[in-house]
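In what follows, a structure is listed as structure tokens, so that the remarks can point back to it.
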Amino acid sequence: FAAAAYVAVHSALGHKEFRFLLPLVPIAMAYAGSALSAANSAKQFWGWTIILAVTNVVPAVYISTVHQRGAVDVMHHISATAASRELLLAATLAPGEAVAPGGGMSVLFLTPCHSTPYYSSLHRNISLRFLDCSPPSFRLLAPLDAKCIDEKNATRGPDEADRFYKNPEKFLRCAFGTKSEGADDDTWLGWGAAYLGVEEYVGEYLGTGAAPPAGGANSLPTHVVLYSGLLEQVEGLLGELGFTRDVSLFHTHALVESRISKTIEVWERKKKAPSSLA
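The sequence shown lines up with residues 891 to 1168 when you count with this note's numbering.
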């Protein structure tokens, strides 16, 4: 009963992780041992042992080697890409000249926060950035879409990841500097400014920064990682920004949450973006 109640309560939570079930392992082992000790014969004992082994080993192997493997494979791909870029760059430099880590590579993860092993499996000193989902008191002072929202909304409203998934294209245009994403159009003032065509002036008044600063609102990364389910909303914009698909990797057969997809992709910036976007 205690184990069932624990699973029921944690199943009702919005945020689920397999590690939340670890406290049940000692209880499960105790019940398994009790059931095996009650076996009336060696045949019954080994029968239950085989059943337990099959129902645990097979799922364990699948979950450990297949399910959601894309999150790990994508980090291996990024590491290999960084090594390749360093070799190519080194071939063009004078003897003794230092090579920038990853050949100047930078990666933006447009995925649910903490979706990948990140630096723990990368082992390379390159710039990585993922969407922030920290509690209000610990959020970044300069979110990617800072120029499109006021400070109160940034620190107390939806987190960076939620803002991105609400409107991915708008978020990216805000992050990388367009001329049309000044004031926050979720407010009455932003709506009115858009209606009158004076977003730039209202954005400057609000301090949200309608026009991108010199050089763009944020520096474009060399690579973007995202789940394929987002492509319907952002593929066109990625093309405008100069990105092309580098690789598409299998992630999972079973979708356990709405923000992931069966494949995860890496997009690489091959050409310079138009000045109105970067």
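Glycine included, C-beta positions come from ideal geometry on N, C-alpha and C.
Every value quoted in this text rests on a predicted model; they were computed, and no experiment measured them.
Helix, strand or coil: which one does DSSP assign to residue i?
i	result
L1131	coil
R909	helix
H1141	coil
D1040	coil
H843	Outside the displayed range of the chain (891 to 1168) lies residue 843, so it cannot be described from this structure.
G1105	The predicted position of G1105 is uncertain, since its pLDDT is 36 and thus under 50; a value taken from the coordinates is nonetheless stated next. Three-state DSSP puts G1105 in coil, outside helix and strand.
R959	coil
L926	helix
T1153	strand
V1114	strand
R1014	coil
D1052	helix
E1158	strand
F1020	strand
V989	coil
F935	helix
V897	helix
S1005	coil
Check whether the Cβ atoms of residue i and residue j sit closer than 7 Å, and answer yes or no.
i	j	result
L1012	A1051	no
A990	D1035	no
V964	L1110	no
Q1123	P1033	no
G992	R1019	no
What does the alpha-carbon distance come out to for the pair residue i and residue j?
i	j	result
G960	I968	12 Å
S996	V899	40 Å
L978	N1043	44 Å
P1026	F891	37 Å
T1142	A950	15 Å
F1061	E1155	19 Å
G1119	T982	38 Å
S1128	D1136	For clarity, residue 1128 is Leu in the given sequence; the question names Ser instead. Straight-line Cα distance between these residues: approximately 12 Å.
G986	V1146	50 Å
K1161	L1131	8 Å
On the premise that residue j lies in contact with residue i, defined as a C-beta separation below 8 Å, what is that separation, rounded to the nearest angstrom?
i	j	result
A893	L914	5 Å
I1016	A972	5 Å
For residue i, is the beta carbon positioned less than 6 Å from some heavy atom of the ligand FAD?
i	result
M965	Only the bare structure without any ligand can be found here, which leaves the ligand FAD out of the picture.
Is the number of C-beta pairs between the segment 926-946 and the segment 902-918 that are closer than 8 Å three or more? no
Any contact of the segment 1000-1010 with the segment 1115-1122, i.e. 3+ C-beta pairs under 8 Å? yes
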